[in-house]
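Just so you know, we're using the numbering used here here: the sequence shown kicks off at 18 and counts up by one. Using N, Cα and C, we set each Cβ at its ideal position, and we do this for glycine too. Working notes for the structure below.
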Amino acid sequence: MDYQYKTLRERPELKEAAASWFHSKWHVPKEAYLACMDAYLNRETEYGWYLCLRNGRIIGGMGVIENDFHDRKDLSPNVCAVYTEEAFRGRGIAGHLLNMTVGDMRSKGITPLYLVTDHTGFYERYGWEFYCMAQGDGEPEPSRLYIHR
18 MDYQYKTLRE RPELKEAAAS WFHSKWHVPK EAYLACMDAY LNRETEYGWY LCLRNGRIIG
78 GMGVIENDFH DRKDLSPNVC AVYTEEAFRG RGIAGHLLNM TVGDMRSKGI TPLYLVTDHT
138 GFYERYGWEF YCMAQGDGEP EPSRLYIHR
């Protein structure tokens, strides 16, 4: 398969499509994604957005934001909106994007990174360690919070 891995800064023309794509997966308002993406594209922050494309179509992505809707505001920044289209799962796309994100943030002196998830076992494969439980905004049960040092 021919996959292209890009930051949104490398492909700024994808901003609207990316915001719509993330919104369709996570149901966070598109405007919230656009605000974060604009801050990144305008160099107000180094917290980036990372995409996997196939034939010009977004099939995977993630971002970095201050806090991913949980009560541990002291644990920042957070990798967020990790998603790979179902038809493309199991091919290392999310792992590649995670490594790309960690590497890009580390190159800018931004470390550690945090991530909230209900998955067990997946993130460990890419150097993430379970750190603590965190209460998600409006969530009935706490979620697992991971750190990448």
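query = Which partner residues does residue 33 have in the DSSP bridge list?
reply = In the sequence shown, residue 33 corresponds to position 16, counting from 1. Answer is none; residue 33 lacks a bridge partner.
key: chain D within 7 Å of residue 36, Cβ atoms only   = The chain labelled as chain D is not found in the depicted structure, where only one protein chain is given.
request  = Starting from the Cα of residue 116, find the closest Cα among 137, 149, 80 and give me that residue.
outcome  = Position 99 of the sequence shown, counting from 1, holds the residue named residue 116. It is 80 whose Cα lies nearest to the Cα of residue 116.
Classification of residue 78 by the beta-carbon crowding that lies within 10 angstroms, buried from 16 upward = As a first step, residue 78 must be located in the sequence shown, where it is residue number 61. Here residue 78 is buried, its C-beta having at least 16 other C-beta atoms within 10 Å.
task = Using a threshold of 7 Å, state whether the C-beta atoms of residue 133 and residue 85 are closer than that.
result = Position 116 of the sequence shown, counted from the first residue, corresponds to residue 133. Position 68 of the sequence shown, counted from the first residue, corresponds to residue 85. Cβ distance < 7 Å, so residue 133 and residue 85 count as in contact.
query = residue 76 and residue 102: beta carbons closer than 7 Å?
reply = The residue given as residue 76 occupies position 59 in the sequence shown. The residue given as residue 102 occupies position 85 in the sequence shown. Yes.
task = May I ask you to report which of helix, strand or coil DSSP gives residue 23?
result = Mapped onto the sequence shown, residue 23 falls at position 6. In the structure shown, residue 23 sits in a strand (DSSP, three-state: E or B).
query = What runs of the alpha helix (DSSP H), each 4 residues or longer, lie entirely inside the region 108 to 154?
reply = Given a length threshold of 4 residues, each whole run of the alpha helix (DSSP H) inside the region 108 to 154 is given here in chain order: 110 to 124.
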